[in-house]
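Q: The structure follows.
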Amino acid sequence: MSAPMLNERDLAFYLYELFDTESLCQRERYQDHDKQTFTEVVNTAKTIAEKYFLPIRQKLDVHQPTFDGQKVHLIKEMKPAFDAVNDSGLPSACADYEFNGMQLPPIVASIAGAYLSIAGGNALGYSMLTTANANLLAAHGSDELIEKWVKPLRDGRFAGTMAMTEPDCGSGLADLTTSAVLDEDGVYRIKGSKIYISGGDHDLTENIVHLVLARVKGAPKGVKGISLFVVPKIMVNEDGSLGEENEVKLTGLFHKMGGRAHTSTALSFGDDKGAVGYLVGEENKGLQYMFHMMNEARILVGTGAAVIANAGYQYSLDYAKNRPQGRLPSSKDPFSPMVNIIEHADVRRMLLAQKAYSEGALALVLYGAQLSDDEKTAPTQKQRDHAHLLLDFLTPIIKTWPSEYGPKANDLAIQVLGGHGYINEHPVEMFYRDNRLNPIHEGTTGIQSLDLLGRKVVMNQQAGYKVVLAEIEQTIEQAIGVPSLSEYADHLGSALVTLNQTTTHLLKSMATQNIDLVLANSVQYLSMFGHVVIGWLWLKQATLASKALDGDLHDDEKAFYRGKIQTMQYFYRYELPEINLWANTLKALDDTTYEMKAEWF
Numbered sequence: 012m013s014a015p016m017l018n019e020r021d022l023a024f025y026l027y028e029l030f031d032t033e034s035l036c037q038r039e040r041y042q043d044h045d046k047q048t049f050t051e052v053v054n055t056a057k058t059i060a061e062k063y064f065l066p067i068r069q070k071l072d073v074h075q076p077t078f079d080g081q082k083v084h085l086i087k088e089m090k091p092a093f094d095a096v097n098d099s100g101l102p103s104a105c106a107d108y109e110f111n112g113m114q115l116p117p118i119v120a121s122i123a124g125a126y127l128s129i130a131g132g133n134a135l136g137y138s139m140l141t142t143a144n145a146n147l148l149a150a151h152g153s154d155e156l157i158e159k160w161v162k163p164l165r166d167g168r169f170a171g172t173m174a175m176t177e178p179d180c181g182s183g184l185a186d187l188t189t190s191a192v193l194d195e196d197g198v199y200r201i202k203g204s205k206i207y208i209s210g211g212d213h214d215l216t217e218n219i220v221h222l223v224l225a226r227v228k229g230a231p232k233g234v235k236g237i238s239l240f241v242v243p244k245i246m247v248n249e250d251g252s253l254g255e256e257n258e259v260k261l262t263g264l265f266h267k268m269g270g271r272a273h274t275s276t277a278l279s280f281g282d283d284k285g286a287v288g289y290l291v292g293e294e295n296k297g298l299q300y301m302f303h304m305m306n307e308a309r310i311l312v313g314t315g316a317a318v319i320a321n322a323g324y325q326y327s328l329d330y331a332k333n334r335p336q337g338r339l340p341s342s343k344d345p346f347s348p349m350v351n352i353i354e355h356a357d358v359r360r361m362l363l364a365q366k367a368y369s370e371g372a373l374a375l376v377l378y379g380a381q382l383s384d385d386e387k388t389a390p391t392q393k394q395r396d397h398a399h400l401l402l403d404f405l406t407p408i409i410k411t412w413p414s415e416y417g418p419k420a421n422d423l424a425i426q427v428l429g430g431h432g433y434i435n436e437h438p439v440e441m442f443y444r445d446n447r448l449n450p451i452h453e454g455t456t457g458i459q460s461l462d463l464l465g466r467k468v469v470m471n472q473q474a475g476y477k478v479v480l481a482e483i484e485q486t487i488e489q490a491i492g493v494p495s496l497s498e499y500a501d502h503l504g505s506a507l508v509t510l511n512q513t514t515t516h517l518l519k520s521m522a523t524q525n526i527d528l529v530l531a532n533s534v535q536y537l538s539m540f541g542h543v544v545i546g547w548l549w550l551k552q553a554t555l556a557s558k559a560l561d562g563d564l565h566d567d568e569k570a571f572y573r574g575k576i577q578t579m580q581y582f583y584r585y586e587l588p589e590i591n592l593w594a595n596t597l598k599a600l601d602d603t604t605y606e607m608k609a610e611w612f
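Numbering of the sequence shown is given in this note's numbering, commencing with residue 12 and proceeding in unit increments.
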């Protein structure tokens with residue numbers, strides 16, 4: 012089938028209507044760019060995706076990386092595809108000119124990366140983690156570290172990882188045991204084991220730069236005693252040439268249900284004297300620095316989830332428009348022509364749900380990309396602070412809502428194809444497997460929900476919470492003035508009241524009740540807040556669509572905007588009412604899961 016990877020009209024809507032990306036060219040950082048250069052960058056990514064990755068997408072899925080005890084082996088087609096991405100400069104699209112970057116807005120880079128993610132799946136993880144690794148070092152590393160490591164990372168000569176998880180502590184970083192000891196040469200010796208290190212070993216680059224969390228001898232217990240180190244796979248000489256191997260050993264590969272092209276590794280550091288590590292910043296502040304990369308990675312995870320959901324939606328939509336089967340219930344003539352399955356109401360229900368989930372999620376992650384830009388490049392400090400506050404609060408939702416509802420969209424794509432959906436002659440089953448990893452990557456849904464309710468809501472006298480609600484209220488006020496949308500503006504207003512009442516009740520309960528009980532249903536709180544945010548973004552889209560329909564449009568443009576409004580209606584009538592059930596559970600401090608005993612299972 013020749014289904015499009017993405018809806019180009021929809022991408023243009025996000026870039027130039029919903030987020031007005033062209034106005035960014037007025038900022039000093041982007042004054043060399045215009046709409047044409049943005050289009051060229053996106054088209055370059057699309058061309059690379061179509062030429063290098065789409066032809067090998069299934070092969071990357073079927074032929075997982077192998078380990079012969081010495082080296083990792085990827086399929087031979089992966090290297091030229093990886094090099095094509097690096098040669099294009101796309102991994103450093105947002106980096107400064109001095110580091111061979113393009114100084115592009117993150118929202119443009121996100122859309123360009125979407126094509127590569129759809130065509131190459133998690134194979135793009137090698138580049139994405141490398142970029143995040145370089146960004147962390149550029150923000151928190153010394154001049155020496157930046158000179159030695161960031162430049163080759165930006166050039167694509169080196170790859171980067173984040174090495175946090177250990178066999179015995181998983182996501183509980185407070186209990187990590189990897190150690191760091193300062194030796195007489197002024198470098199640290201790192202010893203320990205890390206698992207599930209994405210891109211931890213491969214043959215795509217000259218070197219791999221691991222950012223490793225470890226505990227310096229004598230450091231405080233818990234997260235306050237964690238430091239961050241650059242630990243290269245291969246040492247680098249003063250002149251930039253490669254030296255001897257460091258004590259970083261691959262001990263095994265994990266084989267995943269999806270995202271198979273991106274190696275998931277078990278690494279051992281320092282089996283002899285200790286792997287050489289270079290301290291980033293100050294001792295005992297490692298987790299603070301790592302959050303720079305973790306938060307970036309969380310937005311990348313949410314973006315990947317939204318993109319894969321969109322890919323499944325586009326494929327199942329194309330299939331539904333071209334697959335004749337059955338007749339409408341009103342047709343009594345068995346000799347009448349079959350209709351394409353998109354004419355069946357239940358198929359349209361599944362397509363509407365996919366459209367609501369995938370396009371709502373894409374709007375959310377692109378909003379996150381724009382906020383990440385605004386907090387650095389907005390014209391005034393007040394605007395930058397405002398963007399930072401919004402992004403910091405919304406990050407758990409940006410990561411989690413697409414990761415939860417993206418797989419639901421892919422599940423529906425499989426269902427639309429019926430028997431064709433679960434065979435690998437069609438990619439929708441692969442999309443589902445790839446996307447199912449995202450609720451786990453970079454903090455599970457449960458962890459993100461605890462962060463949202465237990466930390467983000469109460470931070471700084473609820474400053475982040477209040478600013479998000481203010482943004483939503485502003486959109487409601489705008490939509491009330493559009494007659495066809497006033498009903499939905501009222502619905503979102505009611506949802507906001509429910510959210511606020513629930514939040515107030517929970518915060519009071521935290522002060523007076525067992526906090527473990529109050530937080531027991533935090534996932535429902537994240538789901539409720541996420542639905543309100545997605546409802547907000549759909550109302551923003553519908554408001555723009557309604558105003559556009561007042562103009563003189565071609566039929567295809569009318570259909571596009573009407574589709575936006577109809578999907579908003581679906582979300583408000585089918586999805587948004589769920590928050591009332593979640594609110595009831597939360598306000599009742601329901602103890603069903605809390606009181607369940609291990610021995611009762």
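Positions of the beta carbon are idealized from the N, C-alpha and C atoms, including for glycine. What you are looking at is a predicted structure, and each value in this text was computed from that prediction instead of being measured.
Name the two residues that bound the continuous beta strand (DSSP E) containing histidine 221.
A: Residues 218-227.
Q: Suppose you measure from the CA of isoleucine 408 to the CA of phenylalanine 49; what does that come to, to the nearest Å?
A: One C-alpha to the other measures close to 27 Å.
Q: So the candidates are Gly210, Leu510, Leu503, Gly562; which of them puts its Cα closest to the Cα of tyrosine 583?
A: Checking every option, the nearest Cα to that of tyrosine 583 belongs to Leu503.
Q: Verify whether the separation of the beta carbon atoms of methionine 148 and leucine 222 is less than 9 Å.
A: Checking the sequence shown, residue 148 turns out to be leucine, not methionine. Yes, the pair counts as a contact, with Cβ atoms nearer than the cut-off.
Q: Straight-line CA distance for lysine 205 to leucine 239?
A: Cα to Cα, lysine 205 sits roughly 14 Å from leucine 239.
Q: Label leucine 339 either buried or exposed according to how many other C-beta atoms from any shown protein chain fall within 10 Å of its C-beta, with 16 as the threshold for buried.
A: Classification for leucine 339: exposed.
Q: Tell me the rounded alpha-carbon separation between alanine 522 and isoleucine 483.
A: Roughly 27 Å separates the two Cα atoms.
Q: Would you kindly work out how many angstroms separate the C-alpha atoms of asparagine 532 and leucine 597, rounded to a whole number?
A: Using only the alpha carbons, I get a separation of about 6 Å.
Q: Given this structure, state the Cα-to-Cα distance separating methionine 8 from alanine 356, to the nearest angstrom.
A: Because the chain in this structure spans residues 12 to 612, residue 8 falls outside the shown range and cannot be described.
Q: DSSP puts methionine 173 in a beta bridge; with which residues?
A: Leu222, per the DSSP bridge assignment.
Q: Within the continuous alpha helix (DSSP H) that includes alanine 420, where are the two ends?
A: Where alanine 420 is concerned, the enclosing alpha helix (DSSP H) stretches over 392-428.
Q: Does DSSP put asparagine 525 in a helix, a strand or coil?
A: DSSP places asparagine 525 in coil when its eight states are reduced to three.
Q: Secondary structure at histidine 84, three-state DSSP: helix, strand or coil?
A: Note: histidine 84 maps to strand in three-state DSSP.
Q: Which residue's Cα is closest to the Cα of histidine 399: Tyr378, Ile458, Val534, Val234?
A: Histidine 399 has its Cα closest to that of Tyr378, out of Tyr378, Ile458, Val534, Val234.
Q: Determine the contact status of tyrosine 443 and alanine 424, defining contact as a CB-CB distance below 9 Å.
A: A contact, by the Cβ cut-off of 9 Å.
Q: What do you get for serine 495, buried or exposed, if any count of 16 or more other CB atoms within 10 angstroms of its CB means buried?
A: Under this definition serine 495 is an exposed residue.
Q: Since isoleucine 67 is in the alpha helix (DSSP H), which residue starts that stretch and which ends it?
A: Counting along the chain, isoleucine 67 falls outside any alpha helix (DSSP H), and DSSP gives it neither H nor E.
Q: Taking contact to mean at least 3 C-beta pairs separated by less than 8 Å, is the region 310-326 in contact with the region 245-259?
A: Cβ pair count under 8 Å is below three, so no.
Q: Give me the residue from Lys467, Leu463, Gln81, Val73 with the minimum Cα distance to leucine 264.
A: Comparing Cα positions, the closest option is Gln81.
Q: Take glutamine 365 as the anchor and find which of Asp329, Pro335, Lys419, Asp344 has the nearest alpha-carbon.
A: Answer by Cα proximity: Lys419.
Q: Which stretch, first to last residue, makes up the alpha helix (DSSP H) that contains arginine 20?
A: Start and end: 19-24.
Q: Do the region 288-304 and the region 384-403 meet, that is, are 3 or more Cβ pairs less than 8 Å apart?
A: Short answer: they don't touch.
Q: List the endpoints of the continuous beta strand (DSSP E) containing proline 243.
A: Proline 243 -> beta strand (DSSP E) spans 238-243.
Q: State the beta-bridge partners of leucine 626 as determined by DSSP.
A: The chain is shown only over 12 to 612; residue 626 falls outside these bounds and no answer can be derived.
Q: Looking at C-alpha atoms only, which residue of Glu33, Pro102, Lys87, Ile245 is the closest neighbour of alanine 56?
A: Nearest of Glu33, Pro102, Lys87, Ile245 to alanine 56, Cα basis: Pro102.
Q: Short check: CB of leucine 140 to CB of glycine 171, under 9 Å?
A: Going by C-beta atoms, leucine 140 is nearer than 9 Å to glycine 171.
Q: Using DSSP's beta-bridge definition, name the partner residues of glutamate 307.
A: Its beta-bridge partners do not exist; DSSP assigns none.
Q: Determine which residues share a DSSP beta bridge with glutamate 256 and list them.
A: Per DSSP, Ile245.
Q: According to DSSP, simplified to helix, strand and coil, what is proline 335?
A: Looking at proline 335 - three-state DSSP - the assignment turns out to be strand.
Q: Run the CB neighbour count on serine 342, radius 10 Å, all protein chains shown included, and call it buried at 16 or more, exposed below.
A: Serine 342 should be labelled exposed.
Q: If the criterion is Cβ atoms closer than 9 Å, does the pair leucine 328 and alanine 14 meet it?
A: Cβ distance < 9 Å, so leucine 328 and alanine 14 count as in contact.
Q: I need the straight-line Cα distance from aspartate 566 to serine 505, nearest angstrom please.
A: Answer to the nearest angstrom: the Cα atoms are 35 Å apart.
Q: For glutamate 589 and serine 538, I'd like the C-alpha separation in whole angstroms.
A: If I take the Cα positions, the gap works out to 9 Å.
Q: Taking C-alpha atoms, which residue in Val493, Glu606, Gly269 lies nearest to proline 450?
A: Nearest option by C-alpha distance: Gly269.
Q: I'd like to check one pair, glutamate 258 with isoleucine 245: are the Cβ atoms closer than 9 Å?
A: Contact flag unset, no.
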